[in-house]
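A short write-up of the structure that comes next.
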Amino acid sequence: MSIYKVVAINHAAESENRIHSDEIASRFGFRGALVPGVAVYGYMTHPLVERFCVDWLSSHQTSVRFLKPAYDGEELTIEMKPAGGGWDLTCTSPYGELLAVMNSKTPCTAAPAPVAEVFSRSPLAPERLLISADTINLERPLPVWHWRTEQASNVEYAAQVADDQAVYAEYVHPHWALGTANYILVRSYIMPAWIHVGSEITQHRALHANSTVDIAAACVEKWERKGHEFVKLDIRYTDADGLIARVMHTAIYKVAGT
407 MSIYKVVAIN HAAESENRIH SDEIASRFGF RGALVPGVAV YGYMTHPLVE
457 RFCVDWLSSH QTSVRFLKPA YDGEELTIEM KPAGGGWDLT CTSPYGELLA
507 VMNSKTPCTA APAPVAEVFS RSPLAPERLL ISADTINLER PLPVWHWRTE
557 QASNVEYAAQ VADDQAVYAE YVHPHWALGT ANYILVRSYI MPAWIHVGSE
607 ITQHRALHAN STVDIAAACV EKWERKGHEF VKLDIRYTDA DGLIARVMHT
657 AIYKVAGT
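The numbers in the working numbering rise by one with no breaks, and the one at position 101 of the sequence shown is 507.
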């Protein structure tokens, strides 16, 4: 078993998602602003990349679920241990609370999923819609985003999760990579306060810095549970050589009581 400790920092305090502000988060009963789930994921990938380096960045199947929020300034403990041909990781707070769980297997054994042409047929709407069960259209994909993985931004995203591993001079940090799954939704919808619940990542090839990646996505499920309203996205990352990664991304877009 390996243990990695890191201090959580909320770099999203000024973002449009006000769940990352103390004022709004406290209205929902939280102790303070929530550290983004994609940042917690970034912290949790550190021991995997430290052990497997480019091999993991190039080929893995990973599932992460966020159970409780991480807060700014708190020390997180990431534990990694072998489990069933893969690795189980946990993230706990200074008070022993289990905040997130992750399982990762490398190399990836899943066959690349096809990228349906329908994913590329929707233009970006002139105005974003306020997200709701009515405005989430499961029949219409989100507009494709042509993502430029500029190294200057990559360095910034790595620094936000206190990760100075040398491999990120060439490869995109997982914190930034999963963060794009949030942005692909925010490009089309106004989302005043929302929470990342979990993601399933299937990585077929590494994401290189200073490259261009097409991100195609569609909302594939929407549901309500305990007053919360959820959405799930199917996201495909491609370049001229085909599929790089697929992410199934789940969020609470409307918190109970709002």
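For every residue, glycine included, the Cβ atom is placed at its ideal position computed from N, Cα and C.
Bear in mind that the values here come from a model prediction, so they are computed numbers and not experimental data.
Could you spell out the range, first to last residue, of the beta strand (DSSP E) harbouring residue i?
| i | result |
| --- | --- |
| residue 467 | 466 to 472 |
| residue 443 | Where residue 443 is concerned, there is no enclosing beta strand (DSSP E), although the alpha helix (DSSP H) it sits in stretches over 443 to 458. |
| residue 588 | Run containing residue 588: none in the beta strand (DSSP E); it sits in the alpha helix (DSSP H), 580 to 592. |
| residue 481 | 481 to 489 |
| residue 530 | No beta strand (DSSP E) contains residue 530, which DSSP labels as neither H nor E. |
| residue 492 | 492 to 498 |
| residue 549 | 548 to 554 |
Name the one or two DSSP bridge partners that residue i has.
| i | result |
| --- | --- |
| residue 608 | 467, 652 |
| residue 417 | For residue 417, which the question treats as bridged, DSSP gives no partner whatsoever. |
| residue 507 | 471, 496 |
| residue 412 | 482 |
| residue 601 | 658 |
| residue 595 | 535 |
| residue 477 | 440 |
| residue 574 | The partner list for residue 574 (beta bridge, DSSP) is empty, contrary to what the question assumes. |
Between which two residues does the alpha helix (DSSP H) harbouring residue i extend?
| i | result |
| --- | --- |
| residue 360 | Since the displayed the chain opens at 407 and closes at 664, residue 360 lies outside it and no answer follows. |
| residue 565 | 557 to 566 |
Can you tell me whether residue i is buried or exposed, with buried defined as 16 or more other CB within 10 angstroms of its CB?
| i | result |
| --- | --- |
| residue 538 | exposed |
| residue 454 | buried |
| residue 569 | buried |
| residue 632 | exposed |
| residue 552 | exposed |
| residue 424 | buried |
| residue 414 | buried |
| residue 515 | exposed |
| residue 626 | exposed |
| residue 608 | buried |
| residue 508 | buried |
| residue 462 | buried |
| residue 594 | buried |
| residue 443 | buried |
So residue i and residue j are in contact, right, with Cβ under 8 angstroms, and what is the actual spacing, rounded?
| i | j | result |
| --- | --- | --- |
| residue 412 | residue 447 | Contact doesn't hold; Cβ gap of about 12 angstroms is too wide. |
| residue 621 | residue 586 | 6 angstroms |
| residue 510 | residue 491 | Residue 510 to residue 491, Cβ: 11 angstroms. No contact. |
Next on the checklist: As an exercise, report each continuous beta strand (DSSP E) stretch of at least 3 residues that is fully enclosed by the segment 612 to 655, in chain order.
Outcome noted: 618 to 631, 634 to 645
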